[in-house]
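K.L.:
Here it is, the structure, as structure tokens.
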Amino acid sequence: MTALPPPGAPDIEIARAVKPWPIFEVAQRKLGVAAHALIPFGHYKAKLDLSQIDTTSKVGKLVLVTAITPTPAGEGKTTTSIGLADALNAIGVSASVCLREPSLGPCFGVKGGAAGGGRAQAIPMEDLNLHFNGDFHAITSAHNLLAALIDNHIHWGNELNLDARKVSWRRVMDMNDRALRHTLVGLGGPAHGQPRESGFDITVASEIMAILCLAEDRKDLQRRLGNIIIGRDRDNKPVTARDLGAEGAMTVLLKDAIQPNLIQTLEHNPALIHGGPFANIAHGCNSVMATRTAMGLTDVVVTEAGFGADLGAEKFIDIKCRISGLKPDAAVLVCTVRALKMQGGVAKDNLDSVDVDAVKLGSANLTRHIENMQKFGLTPVVAINRFPTDDAKELSVIKEVCLSLGARVEEALHWAEGGVGAKAVAEAVKALLDGEAPNVQFLYEDDLPIDDKIRKVATSLYGAEDVQFNIAAQKQLDEIHQLGYGHLPVCIAKTPYSFTSEPSELGAPSGHILPVRELRLMAGAGFVVAICGDVMTMPGLPRKPAALSISLDDDGEIVGLF
147 MTALPPPGAP DIEIARAVKP WPIFEVAQRK LGVAAHALIP FGHYKAKLDL SQIDTTSKVG
207 KLVLVTAITP TPAGEGKTTT SIGLADALNA IGVSASVCLR EPSLGPCFGV KGGAAGGGRA
267 QAIPMEDLNL HFNGDFHAIT SAHNLLAALI DNHIHWGNEL NLDARKVSWR RVMDMNDRAL
327 RHTLVGLGGP AHGQPRESGF DITVASEIMA ILCLAEDRKD LQRRLGNIII GRDRDNKPVT
387 ARDLGAEGAM TVLLKDAIQP NLIQTLEHNP ALIHGGPFAN IAHGCNSVMA TRTAMGLTDV
447 VVTEAGFGAD LGAEKFIDIK CRISGLKPDA AVLVCTVRAL KMQGGVAKDN LDSVDVDAVK
507 LGSANLTRHI ENMQKFGLTP VVAINRFPTD DAKELSVIKE VCLSLGARVE EALHWAEGGV
567 GAKAVAEAVK ALLDGEAPNV QFLYEDDLPI DDKIRKVATS LYGAEDVQFN IAAQKQLDEI
627 HQLGYGHLPV CIAKTPYSFT SEPSELGAPS GHILPVRELR LMAGAGFVVA ICGDVMTMPG
687 LPRKPAALSI SLDDDGEIVG LF
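To convert, take the position in the sequence shown, counting from 1, and add 146; that gives the working numbering.
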């Protein structure tokens, strides 16, 4: 990689300095996929037409990238995933990276884009972060079509005898907007529908997003859409989208969105980007179809799970792997000196100062994540995402912690150097892949009751003493079991910034109580969401949103997008 802006330059400047290969060239040279199997979206993006691609002759190895508990200092999980895929290719391994699509909510909110960073990015990064190939719009439209059909059905006689007070299907939009969390619809008289309470979630929390990411094909997609429970009738029996006759039209809206998207890294390696459920309020993994496709086209697939391992990795294994039958062959756990300092109590403004004691204290968080991964049968390679200010003594603390737990640990400089900077991590991962396959295990069995599944996750991974259900959640729990859905896995929605439900509790706290305030049955997706603490399924914007710094310059180029 040559003639790039120096490390530390805005990500968008680095991305624009690389001339991408035409997407047909990436597909043919890196995946062996012919041009007729691509549906191009311009010169550098495409959807893969799975009806034209044979993915059955090869089953590549799967590498899961996860991280310690996130902090404002940044951990670089997506950056590391891309850097690792580039590094594997650099050492002669045919590898691709599978990632989620970014949501506009965080992009214009506080988090920014999700295309990696520095010299480990997926491009075109502007397109990836903004609208991409229209998948999120299709999901939003399919979701809101169902909402419109529900209110229209009630307005025109309500043949299904739906109880308007018990309609559980809300609307969605792909933006952070706290004002829409609770709404009243149908106001203005009989001509405008029947008044009832409702609200909005963000698109990435939609059950349809989860369904698209867990579906095996279009037929399975339509089956799952039909299974969505939209509410109850006046006899308190569940009513589904299939009862309403909505699943066919919803599938039509998603017929293109279900196809995985192909772009490239800065080093012209394939990146399959598809689906985008949040990991704090959904299951946080890219689509099963994209993962399977990549495994059928390359020898190694690097994929990530959202936020820290307590949320992302747990849901990847207990939900995605359980439902799909996929299992990771190796895992990488990303950490930074800076993040561990914050876990040890150092303020963000003081992270450049050497503080070995803070790293030691914060390493309790790293320790718990390694031990948690080992409970799934995976001892991860720990990748220390290096910053220029990291001190050798601070790095030594992290290495000692990892080695004491039997985890291989390597420094990674992909942010500054690209794939060559992550070669040590790639070699460590390759050694795992060349060795004996891990015995990957679920944290709980299917026949464990829903409340005990939540308790198992909370006590085993979060360090909690117990789980507390409020009155509403306890009633919902009883109803879920009565309806025969007690066998489903659980998706815990909580703050990603702590093992507890309180984001201010750093490190590795223990002995706390996990409060569950609501349970949402997602019968189509195939799991039960446990909403804990103050977590919101429609986020709000911060005091100074990133959107205020994003604009077009005089040449029509986007500025302020990272």
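Ideal Cβ positions, reconstructed from N, Cα and C, are used throughout, including at glycine.
Helix, strand or coil: which one does DSSP assign to A476?
P.N.:
Residue state, collapsed to three classes: strand.
K.L.:
Do the segment 419-432 and the segment 458-476 make contact, defined as three or more Cβ pairs closer than 8 Å?
P.N.:
Output reads yes: the segment 458-476 touches the segment 419-432.
K.L.:
Compute the distance between the beta-carbons of L184 and A568, then report whether it is under 9 Å.
P.N.:
It is not a contact, given that the beta carbons lie outside the stated cut-off.
K.L.:
Given G372, which residues of its chain have a CB within under 7 Å of its CB, disregarding the five upstream and five downstream residues?
P.N.:
Result list for G372: T386, A387, R388, E393, in chain order.
K.L.:
Please report the distance separating the alpha-carbon of V575 from that of V478.
P.N.:
Approximately 8 Å, taken between the alpha carbons.
K.L.:
Assign G372 to one of three DSSP states: helix, strand, or coil.
P.N.:
Three-state DSSP puts G372 in a helix.
K.L.:
Would you mind working out which of I214, E611, H658, Y631 sits nearest V675, comparing C-alpha positions?
P.N.:
Among I214, E611, H658, Y631, the Cα nearest to that of V675 is on Y631.
K.L.:
Can you tell me which of V636, G188, G564, A425 puts its alpha carbon nearest to the alpha carbon of P595?
P.N.:
Of V636, G188, G564, A425, the residue nearest in Cα terms is V636.
K.L.:
In three-state DSSP terms, what is L707?
P.N.:
L707 falls in the coil class under three-state DSSP.
K.L.:
Assess contact between the segment 451-458 and the segment 363-382, defined as three or more Cβ pairs (one per stretch) separated by less than 8 Å. Is contact present?
P.N.:
Short answer: they don't touch.
K.L.:
Please state whether DSSP places F170 in a helix, a strand or coil.
P.N.:
Helix.
K.L.:
According to DSSP, is T386 helix, strand or coil?
P.N.:
Correct three-state label for T386: strand.
K.L.:
Is it true that the CB of N235 sits closer than 9 Å to the CB of E413?
P.N.:
Against a cut-off of 9 Å, the Cβ pair of N235 and E413 comes out as a contact.
K.L.:
Among Q410, D498, M682, which residue has its Cα nearest to the Cα of K191?
P.N.:
Comparing Cα positions, the closest option is Q410.
K.L.:
Note down the Cα distance separating A241 from P153, rounded to an integer number of angstroms.
P.N.:
If I take the Cα positions, the gap works out to 25 Å.
K.L.:
Give the straight-line distance between the Cα atoms of V239 and M319, rounded to the nearest whole angstrom.
P.N.:
C-alpha separation (whole angstroms): 40 Å.
K.L.:
So, C678 versus A639, is the Cβ gap smaller than 9 Å?
P.N.:
Contact flag set, yes.
K.L.:
Over what stretch of residues does the alpha helix (DSSP H) that includes N304 continue unbroken?
P.N.:
Neither: N304 is in no alpha helix (DSSP H) and is coded neither H nor E.
K.L.:
Buried or exposed for T202, please, with buried defined as at least 16 other CB atoms from any protein chain shown within 10 angstroms of its CB.
P.N.:
Classification of T202: exposed, given that the 10 Å Cβ count is below 16.
K.L.:
Classify A654 as buried or exposed, calling it buried when 16 or more other Cβ atoms lie within 10 Å of its own Cβ.
P.N.:
Flag for A654 reads buried.
K.L.:
On the three-state DSSP scale, how would you describe Q614?
P.N.:
Of the three classes helix, strand and coil, the one that applies to Q614 here is strand, per DSSP.
K.L.:
Starting from I659, follow its DSSP beta bridges and name the residues at the other end.
P.N.:
The partner list for I659 (beta bridge, DSSP) reads D612.
K.L.:
Where R468 and F673 are concerned, what is the direct C-alpha to C-alpha distance, given to the nearest angstrom?
P.N.:
When rounded, the distance between both Cα atoms is 11 Å.
K.L.:
Below 8 Å CB to CB, which residues in the same chain sit around V681 once its five sequence neighbours on both sides are set aside?
P.N.:
The answer, listed in chain order, is N426, I427, A639, K640, T641, S647.
K.L.:
Check whether the segment 326-335 touches the segment 622-630, counting contact only when three or more Cβ pairs, one atom from each stretch, lie closer than 8 Å.
P.N.:
At 8 Å Cβ cutoff, the stretches do not touch.
K.L.:
Alpha carbon to alpha carbon, how far is G686 from N322? Give it in angstroms, no decimals.
P.N.:
The alpha-carbon atoms of N322 and G686 are separated by roughly 5 Å.
K.L.:
Strictly by DSSP, which residues pair up with V675?
P.N.:
Answer by DSSP bridge pairing, in chain order: C637, R666.
K.L.:
Touching or not, the segment 261-274 and the segment 552-561, by the rule of three or more beta carbon pairs under 8 Å?
P.N.:
Touching, yes, given that three or more Cβ pairs across the two stretches are closer than 8 Å.
K.L.:
Among D195, Y608, T217, K193, which has the Cα closest to the Cα of Q489?
P.N.:
Measuring from the Cα of Q489, the nearest candidate turns out to be T217.
K.L.:
Comparing alpha-carbon positions, which option in W302, A213, G222 lies nearest L390?
P.N.:
Among W302, A213, G222, the Cα nearest to that of L390 is on W302.
K.L.:
For E664, I'd like the list of residues in its chain whose CB is within less than 6 Å of its CB, leaving aside the five on either flank, ordered along the chain.
P.N.:
Taken in chain order, the residues that qualify are A619, I677.
K.L.:
Give every residue of the same chain whose Cβ lies closer than 8 Å to the Cβ of G421, excluding the five residues on either side of it in the sequence, and list them in chain order.
P.N.:
If we look at G421 and ignore the five residues flanking it on each side, its Cβ neighbours are R246, E247, D281, M355, L358, C359, C431, N432, S433, A436.
K.L.:
Quick check on T513: does DSSP put it in helix, strand or coil?
P.N.:
In this structure, T513 counts as helix in the three-state DSSP scheme.
K.L.:
Assuming contact is defined by CB atoms lying nearer than 9 Å, are L418 and T397 in contact in what I supplied?
P.N.:
Cβ atoms of L418 and T397: not closer than 9 Å.
K.L.:
If we call anything under 9 Å between Cβ atoms a contact, is S443 one with K204?
P.N.:
In the sequence under discussion, the amino acid at residue 443 is Leu, which differs from the Ser named in the question. In this structure, K204 lies closer than 9 Å to L443 by Cβ.
K.L.:
Could you check how far apart the C-beta atoms of V211 and V448 are, in whole angstroms? I think they sit under 8 Å.
P.N.:
So it is a contact: roughly 6 Å between Cβ atoms.
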